[in-house]
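Asks: From first to last, the protein sequence lines stand for chains G and V.
Residue numbers for the first sequence follow full-length UniProt numbering, so the first one is 1 and each next one is one higher.
Residue numbers for the second sequence follow full-length UniProt numbering, so the first one is 1 and each next one is one higher.
Before anything else, here's the structure in question.
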Amino acid sequence: MSMVRDLSLADEGALKIEFAGRRMPVLQALTERFAETKPFVGHRIAGCLHVTTETANMCKALVAGGAEMALCASNPLSTKDDVAASIQRDIGAEVFAIYGCDRDTFYKQVQGTLAVKPTIVIDDGADLTSTIHNDYTELLGDIVGGTEVTSTGVLRIRNMSNAGVLRYPVFPTNDAATKHLFDNRYGTGQNTIDGILRATNMLLAGSTFVVVGYGWCGRGVAMRARGMGARVIVTEVDPVRALEAVLDGLQVMPIAEAAELGDFFVTVTGNRDAVTLEHMQRMKDGAVIANSGHFDVEIAVEALRGAAVGRRELRPNCVEYRLPNGRAVVLLAEGRLVGQSAAEAHPAEVMDMTFATQSMAVQYLVSNGKKMEPGVHPIPREIENEVATAKLDAYGVRIDELSEGQHQYLNDWRVGT
Amino acid sequence: MSFRVTRPPAELVELGRAALDVARDQMPVLAGIRSEVAGTRPLQAQRVAGCVHLTKETGVLVELLVAAGAEVAWTGGDEVSTQDEVAAALAAEGVEVFGRRGMTTAEVEQAVTETLGAFQDGPTLLVDNGTRLIEAALSAPGTVPRLVAATEKTTEGCRRVREWAEQGRLRFPVVNVNDLVTKWEVDNTYGTGQSTVDGIVRATGVLLAGKRFVVVGFGQVGRGVALRARGMGARVVVCCRSARTAVRARLAGFPVLPPHEALVGADIVCTATGYPDVLTGEHLDALPGGAVLCNTGHSVTEINLADLAERTRETKRIRPHVQRHILHDGRHVDLLSGGGLINLDAAEGNPSEVMDITFANQALAVLDLAAGADRLAPGVHEVPAERDEDVARRKLAAMAVRIDAPTPEQLEVLTSGGHPGSLGERSGP
């Protein structure tokens, strides 16, 4: 039933999954706990995620807890075929993911995954959730709840909830502090730089690096670009975030002006048309454009292809488009997530926290989902604290505790100046 | 059998031309020099023999020498680094190219000999990288009857040339194009700093943020690695032997610790000293299990591999550049790139923009030599500081950065050298 490139790649995949697993101590501990307590027995989980070594380790935890699981890719370019093979063969989840497959196959994979008749939905980009609500409403009766890992997907599901169509409770994993503070900022921050270097091998020191959007991802990308010696410019539409960028010591200006100055452009807005053809026409010859937002809509790729008078593939994931004005822009990874396509997505250390948070949220849904209203619910604070405490332990870092007096002070409204 | 590249296939030439186009776009300083010399052709009467890794960036330098009027013969001087498509494209332009990717060491030497013998009356100038050509010229003076001078690009090469000069063996002037502020800063510090961090991430995929990252050595390379690792969020600790560099590291905000203390709790250790045996058995014994070891210094000797092998029970390959050593006491450490240069092995070495500066220094040295080498005595010569300023100014122009000019009074202070720490004082290696 499954769809993977080649099961004989599984040995290679297994080694990589083990290597990543060693750097996911919080999830490892959860896996051991789930294996003992078997909280997911009788549950069927459908997942739509980037098929990477870290996702494999989360599948391992859920399957260890007794779940029956099916998994498809949330992005055809991020699938690691060897990892997919090992999840299928060694971990025992049904996998529907092949690197670089076309759109039709992609939707067949979503269908294949939903054939498991899920009780729990784990989503990344809300493709499963929206497909179920549009085309597979007969599945809704069995579903106790879902999780959504990325900010773009959370936005889609909130829109569904506001429109009154969402039929089960969803935990927005992205909104957990143990997710977005680390995954979005440090994970995307590093893998965006990593993807740009692997795709171009250009020197960042001394370059002008434009970060379009200053959310958690944008903050991380800006911090790391500056750390590599670039001069960073931020563009924003939100005045509070723009102000934060200014006081973080960064230059802020409209994208139309920044377009003329940048050597590198990274879009991290979660919105469409962050960099338009008009912006590209103002850019310097050889400017590099990449996207680190979830969907490939942030850069006007189609308009660029339409307007271009020449195209050269300079390196893998690195295509130069010559514009009618004589200048060229260089588009990385076809405008898809550069850190996923040109590098290796998030390092295991951050996915440890994201997937530990998510696995605990799934456990919570299994126990409490039936009692919860349809809608988007915040992840319980105890889950965040438990994940952070376990991670600090793994780093060997100890922290202080409030004294009795401090505790009283914080809880007593009568104490003042 | 000759290693001369003759009648290369058209597809290979096309590939090489495309690669050169890409490199040229990222080498604006060389482009500027090229446009200045293309009209005047100051190398018209020169025959230049070169021995520098035959990459697309080197190809751009060779094109410049040809545009300046020189006849050029070239070889890569390395077993594996020659890019055949670049060699093909240059050969198609009339350059005498010798060698290919995948030669034995003996074949590399034969290609060097052939390069030196490519011209009927021998070369007038040598462009060297590791003294292969210079050494060949010294041992067979009959092959180079018209040789006037050479340039040398490596620290180690310059040291050897100085030795030959002291022994009275050196019969021509050699310009040291290594010890320039622009070269050191851009190439050793920022080029290697970036490619080292890049190599570690490509090899391991680890998150650097929060990692305890020990940099051993805080010379030009160590400083670049420390800055970039900190920039990626690592908790960086520095170890060094020189008091001067230790002060420099501390004032740059890095904790400085002796190795046996720094290594306790280390997640990643990177050697960048240029000395052998920087990490020996006693250091390996102090490491926590799971530590990552790598080297970006001069050669493969900085981590004592014999000491590591002695402590190793078994090894397994975890990822393409990661060898896991499981030690007798049960700990494991991950050695990257076999202790060789992580930035060249797991990443791609220096970006084109970096080689732009390095080769601009080299091109200007060749032009200066063509204009007045007869005034130089045999021996090692430094590039004058003004040339360094000149290259820096060209780089600023390429980045569209404008600066102030000193007033005549300020200029007098600068040139009289009256103030310590003025622009006239160069901070060398």
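Virtual Cβ for every residue (Gly too), placed ideally from N, Cα, C.
(1) Mind checking whether G/Thr147 and G/Thr173 have CB atoms under 7 Å apart?
(2) Shorter than 7 Å from the beta carbon of G/Asp124 to some beta carbon of chain V?
(3) To the nearest angstrom, report how far apart V/Ser2 and V/Val238 are at their CA atoms.
(4) Between V/Met355 and chain G, is any beta-carbon pair separated by less than 7 Å?
(5) Would you report the Cα separation of G/Glu278 and G/Ile299, rounded to the nearest angstrom?
(6) When the Cα atoms are used, what is the spatial distance from residue 486 of chain G to G/Asp273?
(7) So, does the stretch 169-187 of chain V touch the stretch 378-393 of chain V, judging by three or more C-beta pairs under 8 Å?
(8) Quick one, are the C-beta atoms of V/Val161 and V/Val144 less than 7 Å apart?
(9) If the cut is a Cβ gap below 7 Å, which residues of chain V does G/Phe209 touch?
(10) Cα separation between V/Val225 and V/Gly193?
(11) So for V/Cys240, helix, strand or coil by DSSP?
(12) Quick one: measure Cβ to Cβ for G/Ile122 and G/Ile45, integer angstroms, because I've assumed they're closer than 8 Å.
(13) Run through DSSP, which three-state label would G/Gln408 get?
(14) Please list the terminal residues of the continuous alpha helix (DSSP H) segment that includes V/Gly39.
(15) Excluding the five sequence neighbours on either side, which residues of its own chain have a C-beta within less than 8 Å of the C-beta of G/Met1, listed in chain order?
(16) Taking the C-alpha atoms as reference points, what is the distance between V/Val292 and V/Asp334?
(17) Check each candidate in V/Asp78, V/Ala38, V/Ala252 and name the one with the smallest Cα separation from V/Leu64.
(18) Looking at V/His328 and V/Ala286, is the spacing between their C-beta atoms short of 7 Å?
(19) Comparing alpha-carbon positions, which option in G/Lys370, G/His407, G/Tyr99 lies nearest G/Gly141?
(20) Assuming the contact rule is C-beta atoms closer than 8 Å, G/Thr267 and G/Gly293 should be a hit. Round their C-beta distance to whole Å, please.
(21) Taking the continuous alpha helix (DSSP H) assigned at V/Val413, which residues delimit it?
(22) So which residues on chain G does V/Glu11 lean against when the C-beta distance must stay under 8 Å?
(23) Considering only the beta carbon of each residue, do G/Val366 and G/His43 sit closer than 7 Å?
(24) So what does DSSP say about V/Asn129, is it helix, strand or coil?
(25) Using the Cβ count rule (16 or more neighbours within 10 Å means buried), how would you classify G/Gly92?
(26) With distances taken Cα to Cα, identify the nearest neighbour of V/Val72 among V/Ala88, V/Val80, V/Leu43.
(27) Just to confirm before moving on: does the CB-CB distance between V/Cys294 and V/Val215 stay below 7 Å?
(28) Using the C-alpha atoms, what's the distance from V/Gln323 back to V/Arg101?
(29) Please list the residues of the stretch 218-244 of chain V that have a C-beta atom closer than 8 Å to any C-beta atom in chain G, keeping them in chain order.
(30) Is the Cβ-Cβ distance between V/Leu54 and V/Ala87 less than 7 Å?
(31) Would you say V/Ser337 lies against chain G (beta-carbon separation less than 7 Å)?
(32) Quick one: Cα of G/Ala356 to Cα of G/Glu344, how far?
(33) Compare the Cα-Cα distances from V/Glu85 to each of V/Ala106, V/Ala118, V/Pro9 and report the closest residue.
(34) Flag this pair as yes or no: are the beta carbons of G/Ala29 and G/Thr178 separated by less than 7 Å?
(35) Could you tell me whether any Cβ in chain G is nearer than 7 Å to the Cβ of V/Gly421?
(36) Going by DSSP in three states, G/Pro172 sits in which element: helix, strand or coil?
Replies: This is what the structure holds:
(1) yes
(2) no
(3) 49 Å
(4) no
(5) 11 Å
(6) Outside the shown range of chain G, which is 1 to 417, sits residue 486 of chain G, and nothing can be said about it.
(7) yes
(8) V/Val144 sits away from V/Val161, with the two beta carbons spaced by 7 Å or more.
(9) Simply none; closest approach about 12 Å.
(10) Each residue's Cα considered, the two are about 4 Å apart.
(11) coil
(12) 6 Å
(13) helix
(14) 28-40
(15) Contacts found: Glu94, Gly112, Ala115.
(16) 5 Å
(17) Measuring C-alpha to C-alpha distances from V/Leu64 to each of V/Asp78, V/Ala38, V/Ala252 identifies V/Ala38 as the nearest.
(18) Contact: no.
(19) Nearest C-alpha to G/Gly141: G/Lys370.
(20) Yes, G/Thr267 and G/Gly293 are in contact; Cβ-Cβ is about 6 Å, under 8 Å.
(21) 408-416
(22) The contacting residues do not exist; V/Glu11 stays about 16 Å from chain G at best.
(23) yes
(24) coil
(25) exposed
(26) Of the candidates V/Ala88, V/Val80, V/Leu43, the one whose C-alpha sits nearest the C-alpha of V/Val72 is V/Leu43.
(27) no
(28) Their backbone Cα atoms lie some 26 Å apart in a straight line.
(29) For the stretch 218-244 of chain V, which is checked against every Cβ of chain G, the residues closer than 8 Å are Leu227, Arg228, Arg230, Gly231, Met232, Gly233.
(30) yes
(31) no
(32) 20 Å
(33) V/Pro9
(34) no
(35) Reliability fails at V/Gly421, whose pLDDT of 46 lies under 50, so the model's placement of it is uncertain and no value is given.
(36) strand
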